[in-house]
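Under this note's numbering, the residues of the sequence shown are numbered 6 to 329, in order. For glycine and all other residues, C-beta sits at the position ideal for the given N, C-alpha and C. Just so you know, these numbers come straight off a predicted model, no measurement behind them.
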Amino acid sequence: MDKLNLLKLFLVAAERGSFAAAASFLGLSPSTVSKAIARLEEDLQLHLFHRTTRTLTLTESGRAYQHTVQQLLSELDSCEEMLLRENGEPKGRLSINLPVSYGRCYVMPLLAEFNKQYPEIELSLSFDDAYVDLVEQGIDVCVRSGTLEESTLIARQLSPIDMLTCASPAYLRENGGISVEDYARHPWIRFRFRQTGRVMPVMVSKNPNPLVTTSGIAYAGHTNLDPGRQYIVDDGEALADLCAQGLGLTQLPHFIARDWLQSGKIVPIAPCLRPPGFGVWVIYAKRTFLPARIHAFVSFLEQAVRSRGETPLRTWAEELTPAI
Numbered sequence: 006m007d008k009l010n011l012l013k014l015f016l017v018a019a020e021r022g023s024f025a026a027a028a029s030f031l032g033l034s035p036s037t038v039s040k041a042i043a044r045l046e047e048d049l050q051l052h053l054f055h056r057t058t059r060t061l062t063l064t065e066s067g068r069a070y071q072h073t074v075q076q077l078l079s080e081l082d083s084c085e086e087m088l089l090r091e092n093g094e095p096k097g098r099l100s101i102n103l104p105v106s107y108g109r110c111y112v113m114p115l116l117a118e119f120n121k122q123y124p125e126i127e128l129s130l131s132f133d134d135a136y137v138d139l140v141e142q143g144i145d146v147c148v149r150s151g152t153l154e155e156s157t158l159i160a161r162q163l164s165p166i167d168m169l170t171c172a173s174p175a176y177l178r179e180n181g182g183i184s185v186e187d188y189a190r191h192p193w194i195r196f197r198f199r200q201t202g203r204v205m206p207v208m209v210s211k212n213p214n215p216l217v218t219t220s221g222i223a224y225a226g227h228t229n230l231d232p233g234r235q236y237i238v239d240d241g242e243a244l245a246d247l248c249a250q251g252l253g254l255t256q257l258p259h260f261i262a263r264d265w266l267q268s269g270k271i272v273p274i275a276p277c278l279r280p281p282g283f284g285v286w287v288i289y290a291k292r293t294f295l296p297a298r299i300h301a302f303v304s305f306l307e308q309a310v311r312s313r314g315e316t317p318l319r320t321w322a323e324e325l326t327p328a329i
């Protein structure tokens, strides 16, 4: 067995947690896998695995070797993808991780067109609002909404996030005009983060006059309101659903509000607010050669978002006129 296949076998054994499972996955015998790993350990003059009769776990050296081998094989795949891109269409498996609400509202409706343009790309989709390790979990591209921490990953901003304060037409008919001063007297439907349990505050503009800033249209700061009576949900689309049923006011991101606004089930009651640093980002690992399938998806998504009237500096929500 050549060194390249030996390294690939090592990664499979590390991921599967046993020689038998690795052998089954690769279509080899357990003894072949065991001998191959023993040969690799002999070449390196160190143990890569702790072995017991029931478990197989990486040693500290094994974990370091796994990380390095993953990077090396990823670079090799990227180089091969670059060569394929020069001589053919993007193809292969593309693993994409999406935030739940943005993925459902914005990305899922685009995938039929993406498949039409790139029929040789096989999509593998997962949904998660929590942090994901792209390299560790084998994810090619992820999309995230909110704020980003510094990292070595490539992050391209698709748009800012504009928060819209909304009510249903029926709720407004029953309660009349609603000013900022009235907010605390109304029930609110609010979002709770599953990872932390924190409930998102209701933002209130300190200045109703819009300002042109380096990040587009914004408002001169905001303060947070914590109203009393409220409904708490941990699903973004439930905010719009309960609001449309007339249960109270809500504040939600523009990408969740869009379809509900277009249907007339909810209406904006105040100008949008833009939390500093909040945005929607498409993220992928830094590579010397970007695989064609990743390049194709990132470019497609950026163009699709722009066609909806959104850029890294602005969204369509800036143009909305409050109903009251």
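Residue i burial status per 10 Å Cβ neighbour count (16 or more: buried)
i: residue 367; result: This structure does not reach residue 367, given that the chain is present from 6 up to 329, and the question cannot be answered.
i: residue 329; result: exposed
i: residue 173; result: buried
i: residue 229; result: exposed
i: residue 313; result: exposed
i: residue 320; result: buried
i: residue 389; result: In the structure as shown, the chain starts at 6 and stops at 329, and residue 389 therefore has no counterpart that could be examined.
i: residue 118; result: exposed
i: residue 86; result: buried
i: residue 134; result: buried
i: residue 297; result: buried
i: residue 231; result: exposed
i: residue 48; result: exposed
i: residue 57; result: exposed
Euclidean distance between Cα positions of residue i and residue j
i: residue 255; j: residue 248; result: 6 angstroms
i: residue 79; j: residue 20; result: 16 angstroms
i: residue 76; j: residue 206; result: 41 angstroms
i: residue 317; j: residue 260; result: 14 angstroms
i: residue 183; j: residue 196; result: 21 angstroms
i: residue 352; j: residue 15; result: Any property of residue 352 remains undetermined from this structure, which presents the chain solely from 6 to 329.
i: residue 4; j: residue 251; result: Absent from the structure is residue 4, since the part of the chain shown begins at 6 and ends at 329.
i: residue 130; j: residue 180; result: 43 angstroms
i: residue 107; j: residue 295; result: 25 angstroms
i: residue 103; j: residue 271; result: 25 angstroms
i: residue 193; j: residue 238; result: 11 angstroms
i: residue 241; j: residue 258; result: 8 angstroms
i: residue 115; j: residue 309; result: 8 angstroms
i: residue 88; j: residue 101; result: 22 angstroms
i: residue 8; j: residue 17; result: 14 angstroms
i: residue 246; j: residue 262; result: 10 angstroms
i: residue 149; j: residue 160; result: 9 angstroms
i: residue 42; j: residue 22; result: 13 angstroms
i: residue 122; j: residue 84; result: 23 angstroms
i: residue 219; j: residue 307; result: Interpretation of residue 219 is limited by its pLDDT of 36, a score under 50 that renders its predicted location unreliable; no figure is taken from the coordinates.
i: residue 62; j: residue 70; result: 13 angstroms
i: residue 264; j: residue 156; result: 33 angstroms
According to DSSP, residues forming a beta bridge with residue i
i: residue 168; result: 258, 278
i: residue 102; result: 131, 147
i: residue 193; result: 235, 254
i: residue 160; result: 288
i: residue 62; result: 55
i: residue 97; result: 126
i: residue 208; result: 229
Three-pair Cβ contact test at 8 angstroms for the segment 111 to 127 versus the segment 136 to 143: no
Inter-stretch contact (C-beta, 8 angstroms, three-pair minimum) for the segment 300 to 314 and the segment 114 to 126: yes
Complete alpha helix (DSSP H) runs within the segment 279 to 312 (minimum length 4 residues, chain order): 297 to 312
Whole beta strand (DSSP E) elements within the segment 129 to 158, 3-residue minimum: 146 to 151
Touch test, the segment 175 to 191 against the segment 277 to 290, Cβ-Cβ under 8 angstroms, three pairs minimum: The segment 175 to 191 is not in contact with the segment 277 to 290.
The segment 263 to 283 / the segment 58 to 73 touching (three or more Cβ pairs under 8 angstroms): Counting Cβ pairs under 8 angstroms, fewer than three are found: no touch.
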